[in-house]
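J.: Okay, here's the structure, questions in a sec.
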Amino acid sequence: MRWFHREKRRSKNRKDQRHYTYHKFMCSRYGFREDSWLNNLNRSRKLKAMTRTGCQACFWVRYDCITKKYIVAKFVRENNRVMTTHEHVLFLRSDRNVTEGDLEQTRTLQGVGEGTSQIMKLFVLQEGGYDMVRFIKKDLYNRIDVDRRKDIANKHTESAVAFLSTMQDMDPMFYLSYDLDEEEIEANFLVSCSAG
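So that you can map any letter, position 58 of the sequence shown is 44 in our numbering, and since no number is skipped, the others follow by simple counting.
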């Protein structure tokens, strides 16, 4: 589904069931923009570039209640867009992926003091060129940032628990209780302290 996205407005969910009755997947350049949107003179932002080309490539998937499976109901293969060349495939978001192995190698190299740009150059050398690497440098930075934010959130929670536990040791009227969620992270804090 490299060039497809799900059109959420076309997905219908029956209230008596937990399954969507159908999904419509369509080309990212499906159809045209509405005339009312194009002719709007009271816009506060600049008109965005026209990216839709009237492509009709799509497929519909419907849920069969008897077999309890999704079935392809309609498939239109024809498209009118120029396909991406091999040299530019690495810039498609759907093809860019920093795997867990790549992330572990990055963590190891960062642990010995290598910078992210140097690590990206190492991936390029390992794979045999920029066109062979499965991601771009920005993807690597983003993935590292996500991990860093998780670590910061965990450390903030641990610091709060340590502080509140110290308060509990100092004040016999201080009460602290919390639960652990499925990832073993503290959640649902209950704190009560004496007035005064």
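Virtual Cβ for every residue (Gly too), placed ideally from N, Cα, C.
Small disclaimer: the values here were computed from a predicted structure and weren't measured.
How is the alpha helix (DSSP H) around S103 delimited, first residue to last?
T.: By one-based count along the sequence shown, residue 103 stands at place 117. Note, S103: alpha helix (DSSP H), T102 to E113.
J.: At what residues does the beta strand (DSSP E) containing R48 begin and finish?
T.: For the purposes of this step, residue 48 is taken as the residue at position 62 of the sequence shown. Counting along the chain, the beta strand (DSSP E) containing R48 begins and ends at C44 to D50.
J.: Do Y49 and Y8 have their CB atoms nearer than 9 Å?
T.: For this step, residue 49 is matched to residue 63 along the sequence shown. For this step, residue 8 is matched to residue 22 along the sequence shown. Taking 9 Å as the Cβ cut-off, Y49 and Y8 qualify as a contacting pair.
J.: Go to D88, then tell me how far its alpha helix (DSSP H) extends in each direction, as first and last residue.
T.: As a working note, residue 88 is residue 102 in the sequence shown. Its alpha helix (DSSP H) spans residues E86 to G97.
J.: Is F109 near D88, with beta carbons less than 9 Å apart?
T.: Reading the sequence shown from its first residue, position 123 is the one you call residue 109. Reading the sequence shown from its first residue, position 102 is the one you call residue 88. Taking 9 Å as the Cβ cut-off, F109 and D88 qualify as a contacting pair.
J.: Find the nearest neighbour of W46 within the set M36, I57, T39 and Y164, judged by alpha-carbon distance.
T.: By one-based count along the sequence shown, residue 46 stands at place 60. The candidate whose alpha carbon is nearest that of W46 is I57.
J.: Alpha carbons only, please: which of R38, N128, D131 and D167 is nearest the one belonging to T143?
T.: Stepping through the sequence shown from its first residue, residue 143 is reached at position 157. Here the closest residue by C-alpha is D167.
J.: Between the Cα of C51 and the Cα atoms of M118, Y6 and K10, which residue gives the shortest distance?
T.: Here residue 51 refers to the residue found at position 65 of the sequence shown. The residue with the shortest Cα to Cα distance from C51 is Y6.
J.: Around the C-beta of I35, are 16 or more other C-beta atoms found within 10 angstroms, so that it is buried, or is it exposed?
T.: The count along the sequence shown starts at 1 and reaches residue 35 at position 49. Correcting the residue type first, residue 35 is Ala in the shown sequence and not Ile. Classification for A35: exposed.
J.: Quick check on this structure: which residue in M106, Q42 and L162 has the alpha carbon closest to the alpha carbon of R63?
T.: As a first step, residue 63 must be located in the sequence shown, where it is residue number 77. Closest by alpha carbon: Q42.
J.: Please go through the stretch 122 to 161 and give each complete alpha helix (DSSP H) segment of 4 or more residues, from N-terminal end onward.
T.: Counting whole runs of 4 or more residues, the stretch 122 to 161 contains the alpha helix (DSSP H) stretches 123 to 156.
J.: Helix, strand or coil: which one does DSSP assign to D167?
T.: Within the sequence shown, numbered from 1, the residue matching residue 167 stands at position 181. Three-state DSSP puts D167 in coil, outside helix and strand.
J.: Around the Cβ of T92, are there at least 16 other Cβ atoms within 10 angstroms (buried) or fewer (exposed)?
T.: As a position in the sequence shown, residue 92 is number 106, starting the count at 1. So T92 counts as buried.
J.: Among N128, E73 and R135, whose alpha-carbon lies nearest the alpha-carbon of Y116?
T.: Residue numbering aside, residue 116 sits at position 130 when the sequence shown is read from its first letter. Looking at the Cα atoms, E73 is the closest of the given residues.
J.: Give the secondary structure of M69 by DSSP, where H, G and I count as helix, E and B as strand, and everything else as coil.
T.: In the sequence shown, the residue the question calls residue 69 occupies position 83. DSSP places M69 in coil when its eight states are reduced to three.
J.: Alpha carbon to alpha carbon, what distance is there between R38 and E20?
T.: Numbered from its first residue, the sequence shown carries residue 20 at position 34. Numbered from its first residue, the sequence shown carries residue 38 at position 52. Cα to Cα, the separation comes out at about 11 Å.
J.: Near R129, which residues of its chain fall below 7 Å by C-beta distance, leaving aside the five closest residues on each side in sequence?
T.: As a working note, residue 129 is residue 143 in the sequence shown. Cβ neighbours of R129 beyond the five flanking positions: V84 and L89.
J.: To the nearest angstrom, report how far apart K10 and A59 are at their CA atoms.
T.: Here the question's residue 10 lines up with position 24 in the sequence shown. Here the question's residue 59 lines up with position 73 in the sequence shown. Near 10 Å, if we compare the C-alpha coordinates of A59 and K10.
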